[in-house]
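Down below is the structure, laid out as structure tokens.
There are 2 protein chains.
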Amino acid sequence: MVGRPAVPEVIWARPERAGRGPRPAFSRADIAAAAVRIADAEGLDAVSMRKVAAELGCGTMSLYNYVPRKEDLYELMFDAVSGGYEYPEPSGDWRADLVALAHQARAMMHRHTWAPRLMSPVYGFSPNALRYLEYALSCLDGVDARFGEKMELIAMVNGVVTTYVANEIATAERSRSLPWSEEQENAVRTGYLISQIATGKYPRMAAGFAEDPGPIDLDGVFDRALQRVLDSFDR
Amino acid sequence: MVGRPAVPEVIWARPERAGRGPRPAFSRADIAAAAVRIADAEGLDAVSMRKVAAELGCGTMSLYNYVPRKEDLYELMFDAVSGGYEYPEPSGDWRADLVALAHQARAMMHRHTWAPRLMSPVYGFSPNALRYLEYALSCLDGVDARFGEKMELIAMVNGVVTTYVANEIATAERSRSLPWSEEQENAVRTGYLISQIATGKYPRMAAGFAEDPGPIDLDGVFDRALQRVLDSFDR
DNA sequence: ACTGCACTACGTACGGTGTACGTAACTACG
DNA sequence: CGTAGTTACGTACACCGTACGTAGTGCAGT
Numbered sequence: 001m002v003g004r005p006a007v008p009e010v011i012w013a014r015p016e017r018a019g020r021g022p023r024p025a026f027s028r029a030d031i032a033a034a035a036v037r038i039a040d041a042e043g044l045d046a047v048s049m050r051k052v053a054a055e056l057g058c059g060t061m062s063l064y065n066y067v068p069r070k071e072d073l074y075e076l077m078f079d080a081v082s083g084g085y086e087y088p089e090p091s092g093d094w095r096a097d098l099v100a101l102a103h104q105a106r107a108m109m110h111r112h113t114w115a116p117r118l119m120s121p122v123y124g125f126s127p128n129a130l131r132y133l134e135y136a137l138s139c140l141d142g143v144d145a146r147f148g149e150k151m152e153l154i155a156m157v158n159g160v161v162t163t164y165v166a167n168e169i170a171t172a173e174r175s176r177s178l179p180w181s182e183e184q185e186n187a188v189r190t191g192y193l194i195s196q197i198a199t200g201k202y203p204r205m206a207a208g209f210a211e212d213p214g215p216i217d218l219d220g221v222f223d224r225a226l227q228r229v230l231d232s233f234d235r
Numbered sequence: 001m002v003g004r005p006a007v008p009e010v011i012w013a014r015p016e017r018a019g020r021g022p023r024p025a026f027s028r029a030d031i032a033a034a035a036v037r038i039a040d041a042e043g044l045d046a047v048s049m050r051k052v053a054a055e056l057g058c059g060t061m062s063l064y065n066y067v068p069r070k071e072d073l074y075e076l077m078f079d080a081v082s083g084g085y086e087y088p089e090p091s092g093d094w095r096a097d098l099v100a101l102a103h104q105a106r107a108m109m110h111r112h113t114w115a116p117r118l119m120s121p122v123y124g125f126s127p128n129a130l131r132y133l134e135y136a137l138s139c140l141d142g143v144d145a146r147f148g149e150k151m152e153l154i155a156m157v158n159g160v161v162t163t164y165v166a167n168e169i170a171t172a173e174r175s176r177s178l179p180w181s182e183e184q185e186n187a188v189r190t191g192y193l194i195s196q197i198a199t200g201k202y203p204r205m206a207a208g209f210a211e212d213p214g215p216i217d218l219d220g221v222f223d224r225a226l227q228r229v230l231d232s233f234d235r
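Chains as they are written, first to last, in UniProt numbering: chain D, 1 to 235; chain U, 1 to 235.
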């Protein structure tokens, strides 16, 4: 099984335990949890096969018995953190239910700031992603709309969550790979922005910042964007 | 200048040509163009300092005279492809103007499929990003809304563009790093999805795919999402 | 005109990465 | 009971970003 397959393979279709040979020392959940610990502590780029193996206490190449390629490790990680959602019985108010679900997803991504980078429709097949999707659909049970329309709504809600969280954490995540602090970086960048605006080449931005310079309320921005998406489906 | 700075620095604030020393052999535009060529041809992960230097025909470490860190190379790349937009005089119909701008951005990202991965508010300071923003604001000149509201609209439009393009190209980009073709990968993944749905654990998805199984019209999905965002600002 | 310094150019080297390959030990099935 | 298929893992390769040192170049100040 250590020989990498020459034909496509979905990791979820692989049996966790093969019939023959010694019993595996770790479960997929163990491996995902180890990788998640590293990513939470040091960022996604710090997740290497060597480090995950060390975290588990096994040789680097042993990991390849469980995970054929690093891509699959990412898939395990994303599924693992997608397993923490609560799915209360839908209330009948689909807007409130979707808002609650979106807030759960946003909170998850703030806990695991690498998750937005892994968000991809490719991973939409993982067990927990399917559960999430099915639950979101169940929130829309009473809604009179075609299936395709419901899926487009769910996709837009998910899109808002990941883009906004990605933006919210962008500078913080970036500063992980930089030799100076986030505050220093921000100060320099806004300083440059101000100098550019002062050139007069961007009059509307200049006027805008003069009129409305306050700090941004990220929670408010997110909630407004989410409500707008829901509005647009609620005619 | 080869000594990396210990203090934050925005590459755009660096003069292209220093007073002393030999005249630089390349411009920032040359370097960005070389990196863009590589990324277009082989994907973003193929963009390495060595390859860009080879493409330019100089030694690897010479690149560091122009680009203090690889992050800055990304910033140059993103700004370079953001320089290809056309900014026609706003027509007075702000919805049509923003739709046209969004379509330009979408087309750009389809030409440069690595661009969504680099999309980050951090790069919103680059010269061409500022031009883009100022133009989008100019499309909203006649609209009676506060500056903050206009910025939120523009952000949502940009968000829709990048998320949807990222989804559209996800499997194709992914297959670049995989030893088998996109079609093979897709076949296996949808096969697994079908097998999962057939378990009965996801009744709503099962019903949905039975009712509405057709292939997805990506252009239509994108346009509908975009219109919904515009609707939600158009009361 | 000359000196000095800031800059360009770039070879070498270090510590990291994903993973191909080979070998040894183990266990369930024929 | 053999043996095939698995687990375990050390070694090795190609590639990465980039620190550091050295050599050459041309403007600024004297």
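Every residue gets a Cβ at the ideal spot worked out from N, C-alpha and C, and that includes glycine.
Since the structure is predicted, the reported quantities are computational estimates derived from the model, not experimental observations.
Phe78/U and Ala53/U closer than 8 Å at C-beta: no
Taking 8 Å as the CB-CB limit, is Asp231/U close to chain D? yes
Would Gly142/D count as contacting chain U if we go by Cβ distances under 8 Å? no
Short CB-CB distance (under 8 Å) between Met205/U and chain D: yes
Of the listed residues Met119/D, Arg131/D, Phe125/D and Trp180/D, nearest to Leu44/D (C-alpha basis): When each option's Cα is compared against that of Leu44/D, the closest is Met119/D.
Anything in chain D within Cβ reach of Asp212/U, meaning under 8 Å, just list it in chain order. Result: Arg146, Phe147 and Gly148.
Could you check what DSSP says for Ser175/D in three-state terms: helix, strand or coil? helix
Residues within the region 5-27 of chain D neighbouring chain U, beta-carbon criterion of under 8 Å: The residues in question are Ala6, Val7, Pro8, Glu9, Val10, Trp12 and Ala13.
Cβ atoms of Val157/D and Leu226/D: under 8 Å apart, would you say? yes
Around the C-beta of Thr163/U, are 16 or more other C-beta atoms found within 10 angstroms, so that it is buried, or is it exposed? buried
Under 8 Å between C-beta atoms, does Gln104/D make it to chain U? Taking a beta-carbon distance threshold of 8 Å, Gln104/D does not count as an interface residue toward chain U.
Can you tell me whether Leu133/D is buried or exposed? The criterion is at least 16 other CB atoms within 10 Å of its CB, across all chains shown. buried
Is Ile31/D buried or exposed, if buried means 16 or more other CB atoms sit within 10 Å of its CB? buried
In chain order, what residues of the same chain have a beta carbon less than 6 Å from the beta carbon of Val143/U, not counting five sequence neighbours either side? Trp94
Residues of its chain near Asp72/D, where Cβ-Cβ distance is below 8 Å and the 5 sequence neighbours each way are ignored: Answer for Asp72/D: Ile11, listed in chain order.
Checking 8 Å against the spacing of the C-beta atoms, do Val122/U and Ala80/U come in under that value? no
Would you kindly report the start and end of the unbroken alpha helix (DSSP H) that includes Asp219/D? Leu218 to Phe233
C-alpha gap between Glu182/D and Ala29/D, whole angstroms: 33 Å
Should Leu98/D be labelled buried (16 or more other beta-carbon atoms within 10 Å of its own) or exposed? buried
Would you say Arg174/D lies against chain U (beta-carbon separation less than 8 Å)? Chain U, which has a Cβ nearer than 8 Å to the Cβ of Arg174/D, makes this yes.
For Val7/D, count neighbouring Cβ atoms within 10 angstroms of its own Cβ and tell me buried if that reaches 16, exposed if not. It is exposed - the Cβ of Val7/D has fewer than 16 other Cβ atoms within 10 Å.
Starting from the Cα of Ala129/D, find the closest Cα among Ser62/U, Met205/U and Pro127/U and give me that residue. Met205/U
Go ahead and pull the three-state DSSP assignment for Phe26/U. coil
Which same chain residues end up closer than 6 Å to Tyr74/U when comparing Cβ atoms and leaving out the 5 residues on each side of it in sequence? Leu118
Which of the three DSSP states is assigned to Ala79/U in this structure? First, the amino acid is wrong: residue 79/U is Asp here, not Ala. Correct three-state label for Asp79/U: helix.
Checking contacts by CB at 8 Å: is Arg224/U closer than that to chain D? yes
For chain D, find out if any of its Cβ atoms is closer than 8 Å to the Cβ of Phe192/U; answer yes or no. Note that residue 192/U is Tyr in the sequence shown, not Phe. Taking Cβ atoms only, chain D reaches closer than 8 Å to Tyr192/U, which makes this a yes.
With a cut-off of 8 Å on the beta carbons, I'd call Phe125/U and Tyr85/D a contact; round off their distance for me. In fact, because the Cβ distance is near 36 Å, the residues do not count as touching under 8 Å.
Looking at Ser27/U and Val229/D, is the spacing between their C-beta atoms short of 8 Å? no
For Val161/D, which of Gly92/D, Arg106/D and Ser175/D has the nearest alpha-carbon? When only C-alpha atoms are compared, the closest one is Arg106/D.
Where the region 124-137 of chain U meets chain D: residues whose CB sits under 7 Å from a CB there: Phe125, Leu130, Leu133, Glu134 and Leu137
Tell me the DSSP secondary structure of His103/U in three-state form. helix
Using 10 angstroms around the beta-carbon of Ala136/U, count the other beta-carbons present and answer buried if the total reaches 16, otherwise exposed. buried
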